[in-house]
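> With numbering that gives the first Met the number 0 applied, the sequence shown covers 0 to 338.
Note that CB positions come from ideal geometry on N, CA and C, so glycine has one too.
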Amino acid sequence: MDDPSLARALVDAVISDFPDHEPGTRPIHTIGIGVEGYFEASDVAPSYCIAEHFAGQRVPASVRFSNGSGSPEQHDGWNDVRGMATRFHLKDGAATDLIAMTLGEFFVPTVKDFFEFTKAAQQTPVAKESPWRKILDMLRLKIPLNDPYPGQKASGDAGTLVYANKHKFAQLSVFQAGSIGAPVSYVRAAYHAVHTFIVTGSDGVRRPVRFSWKPVAGVRTTDPTQPPVDSYLQEELRERLKQWPARFLLMMQIGETGDALDDPTQPWPAHRIRVIMGTLTLTKVTEDQQAACERISFNPWRLVSGIEPSDDPILHARKGAYEESRQRRGGTACPFNRS
Ligand code: HEM
Numbered sequence: 000m001d002d003p004s005l006a007r008a009l010v011d012a013v014i015s016d017f018p019d020h021e022p023g024t025r026p027i028h029t030i031g032i033g034v035e036g037y038f039e040a041s042d043v044a045p046s047y048c049i050a051e052h053f054a055g056q057r058v059p060a061s062v063r064f065s066n067g068s069g070s071p072e073q074h075d076g077w078n079d080v081r082g083m084a085t086r087f088h089l090k091d092g093a094a095t096d097l098i099a100m101t102l103g104e105f106f107v108p109t110v111k112d113f114f115e116f117t118k119a120a121q122q123t124p125v126a127k128e129s130p131w132r133k134i135l136d137m138l139r140l141k142i143p144l145n146d147p148y149p150g151q152k153a154s155g156d157a158g159t160l161v162y163a164n165k166h167k168f169a170q171l172s173v174f175q176a177g178s179i180g181a182p183v184s185y186v187r188a189a190y191h192a193v194h195t196f197i198v199t200g201s202d203g204v205r206r207p208v209r210f211s212w213k214p215v216a217g218v219r220t221t222d223p224t225q226p227p228v229d230s231y232l233q234e235e236l237r238e239r240l241k242q243w244p245a246r247f248l249l250m251m252q253i254g255e256t257g258d259a260l261d262d263p264t265q266p267w268p269a270h271r272i273r274v275i276m277g278t279l280t281l282t283k284v285t286e287d288q289q290a291a292c293e294r295i296s297f298n299p300w301r302l303v304s305g306i307e308p309s310d311d312p313i314l315h316a317r318k319g320a321y322e323e324s325r326q327r328r329g330g331t332a333c334p335f336n337r338s
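1) Bridge partners for residue 100 per DSSP, in chain order?
2) Can you check which of these residues, 37, 15 and 156, is closest to residue 89 by C-alpha distance?
3) Is residue 25 near the ligand HEM, with its Cβ less than 6 Å from a heavy atom?
4) Can at least three beta-carbon pairs, one atom from the region 185-199 and one from the region 292-308, be found at a separation below 8 Å?
5) I'd like to check one pair, residue 21 with residue 59: are the Cβ atoms closer than 7 Å?
6) Excluding the 5 residues preceding and the 5 following residue 45 in the sequence, name in chain order all residues of the same chain whose CB lies nearer than 7 Å to its CB.
7) Can you tell me where the alpha helix (DSSP H) with residue 163 in it begins and where it stops?
8) Give me the Cα-Cα distance between residue 255 and residue 265, rounded to the nearest whole angstrom.
9) Heavy atom of the ligand HEM less than 6 Å from the Cβ of residue 100, yes or no?
10) Sort 121, 300, 260 and 236 by Cα distance to residue 182 and report the nearest one.
11) How big is the Cα-Cα spacing for residue 115 and residue 173?
12) Please classify residue 265: does DSSP put it in a helix, a strand, or coil?
13) Near residue 322, which residues of its chain fall below 6 Å by C-beta distance, leaving aside the five closest residues on each side in sequence?
14) Span of the beta strand (DSSP E) holding residue 252?
15) What does the alpha-carbon distance come out to for the pair residue 205 and residue 281?
16) Among 329, 263, 67 and 19, whose alpha-carbon lies nearest the alpha-carbon of residue 207?
17) Around the C-beta of residue 134, are 16 or more other C-beta atoms found within 10 angstroms, so that it is buried, or is it exposed?
18) Where residue 112 and residue 121 are concerned, what is the direct C-alpha to C-alpha distance, given to the nearest angstrom?
19) Is the distance from the Cβ of residue 32 to the Cβ of residue 333 below 7 Å?
20) Name the one or two DSSP bridge partners that residue 182 has.
21) Taking Cβ positions only, does residue 268 come closer than 7 Å to chain B?
22) Might you give, ordered along the chain, the residues of its own chain that have their beta carbon closer than 7 Å to the beta carbon of residue 338, omitting 5 neighbours on each side?
23) Is the beta carbon of residue 340 less than 7 Å from the beta carbon of residue 191?
24) Among 226, 213 and 203, which one has its Cα closest to the Cα of residue 47?
25) Would you mind sorting residue 4 into buried or exposed? The rule is 16 or more other CB atoms within 10 Å of its CB.
26) Taking its Cβ as the centre, do 16 or more other Cβ atoms sit within 10 Å of residue 131, making it buried, or is it exposed?
27) Shorter than 6 Å, the distance from the beta carbon of residue 142 to the closest heavy atom of the ligand HEM, or not?
28) Which value, in whole angstroms, describes the spacing of the CA atoms of residue 137 and residue 242?
29) Are the CB atoms of residue 27 and residue 69 nearer to each other than 7 Å?
30) Return yes when the Cβ of residue 240 is within less than 7 Å of the Cβ of residue 213, no when it is not.
31) Classify residue 105 as helix, strand or coil using the three-state DSSP reduction.
32) The ligand HEM and residue 249: does the residue's C-beta get closer than 6 Å to at least one heavy atom of that ligand?
33) Cβ of residue 148 within 7 Å of Cβ of residue 227?
34) For residue 79, I'd like the list of residues in its chain whose CB is within less than 6 Å of its CB, leaving aside the five on either flank, ordered along the chain.
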């Protein structure tokens, strides 16, 4: 169901969490960098999913890495979720997107909860908590607040912690988001697409799955005891890719009876079968950053035959919200958008 007024309200809600949002830019994941490379499916991939990019041939891919914040100020070294939006370029100019972030789960299970969460996440002035306050919080099993960074005046952390204390479903993601740190490189973080999708295998069997990217170079964050550096992630990627390519494995976790199929706040048991669906090789930072980063617009509903959305209401809400955001910021429309 496409509801333009809901899409507008969702984008407004996201913007309300970042008072310094600049019109013409993304309201969240604002700072980013576009890179390019190719994806090669694994030998087993086609038996699990008949989608074109899993058929075995090399498929060109574009990726936009981003910081999660909607602020135009770049604070690479701050604790923040990171994004990895991937476009697989298919035959005849068609495309499919996979949008992922460094949290394993999302904050809320429904659209109503999303509006309440964004209200709770609005920024309030930050101050360093006393050690006694931190100990008291820990004794009461409350997550202590992070100390503000030098120059940081406001944050949404206090509100999201209050929200998580009242809503059990938000606790896993709010805790992760509060302690995730900063990666040493955009290609040294694991990214999760969070929602359940339904894939069809070559035998016609439909399976509920969740996708994640695993960095071949391993996961590594910066030393939190050192002062944070505001700008290093883009330069690191430029220098790294000049020397050698960066690789990610695309993992697909297969759901079983009883797993949450329409709730992105619920993890699946860790022992669920994981299949390697292929390898993404990133070869260079794209020269035209206007096209590959600023103007490109991803949508989790840009899917191809063989991959269907689940009934997850958050996934459904994102379809219109991303399109609304694209239009507001003058992003490039995808002529092959089949959503
Ligand atoms: C109701 C829930 C959500 C809403 C309303 C929302 C909204 C948005 C909007 C408006 C944008 C900017 C789109 C653009 O201008 O192109 C965006 C970007 C993004 N979102 Fe979400 N989002 C939601 C949930 C999620 C979830 C569950 C994930 C986890 C995978 C996610 C990951 C991202 C990423 C990585 C980007 C940056 C994409 C890029 O590089 O272009 N979002 N989101």
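Taking the definition as stated:
1) DSSP, once it has assigned bridges, lists 82 and 191 as partnering residue 100.
2) Of 37, 15 and 156, the smallest CA-CA separation from residue 89 is found for 37.
3) True, at least one ligand heavy atom lies under 6 Å from that Cβ.
4) Taking a cut-off of 8 Å on C-beta distances, the region 185-199 touches the region 292-308, as three or more cross pairs fall below it.
5) No.
6) 53, 54, 55 and 201, listed in sequence order.
7) Residues 156-165.
8) Distance between the alpha carbons of residue 255 and residue 265 is about 14 Å.
9) Residue 100: yes, Cβ under 6 Å from the ligand HEM.
10) Comparing Cα-Cα distances from residue 182 to each of 121, 300, 260 and 236, the minimum goes to 236.
11) Taking the straight line joining both Cα atoms gives about 14 Å.
12) Three-state DSSP puts residue 265 in coil, outside helix and strand.
13) Apart from the 5 residues on each side of it in sequence, residue 322 has no Cβ closer than 6 Å to any other Cβ in its chain.
14) Under the DSSP assignment, residue 252 falls in the beta strand (DSSP E) whose first and last residues are 245-253.
15) Rounded to whole angstroms, residue 205 to residue 281 spans 30 Å at the Cα level.
16) Residue 207 has its Cα closest to that of 263, out of 329, 263, 67 and 19.
17) With fewer than 16 other Cβ atoms within 10 Å, it is exposed.
18) Cα to Cα, residue 112 sits roughly 15 Å from residue 121.
19) By the CB criterion at 7 Å, residue 32 and residue 333 fall outside the cutoff.
20) Residue 182 pairs with 220.
21) Protein chains in the displayed structure number just one, and chain B is not present.
22) For residue 338, the predicted structure reports a pLDDT of 43, less than 50, and the residue's modelled location is therefore unreliable. A value from the coordinates is still provided. Within the same chain, residue 338 has close Cβ partners 298, 300, 301 and 318.
23) There is simply no residue 340 to check, as the chain begins at 0 and stops at 338 in what is shown.
24) Among 226, 213 and 203, the Cα nearest to that of residue 47 belongs to 203.
25) The residue is exposed, with fewer than 16 neighbouring Cβ atoms inside 10 Å.
26) Counting of Cβ neighbours within 10 angstroms places residue 131 among the exposed residues, the total staying below 16.
27) In this structure, the C-beta of residue 142 stays at least 6 Å away from each heavy atom of the ligand HEM.
28) Their backbone Cα atoms lie some 45 Å apart in a straight line.
29) For residue 27 and residue 69, yes; Cβs fall inside 7 Å.
30) No, the Cβ-Cβ distance between residue 213 and residue 240 is not below 7 Å.
31) Of the three classes helix, strand and coil, the one that applies to residue 105 here is coil, per DSSP.
32) It does not: the Cβ of residue 249 is nowhere closer than 6 Å to a heavy atom of the ligand HEM.
33) Residue 148 is a Cβ neighbour of residue 227, given a cutoff of 7 Å.
34) These residues qualify, in order along the chain: 66, 67 and 68.
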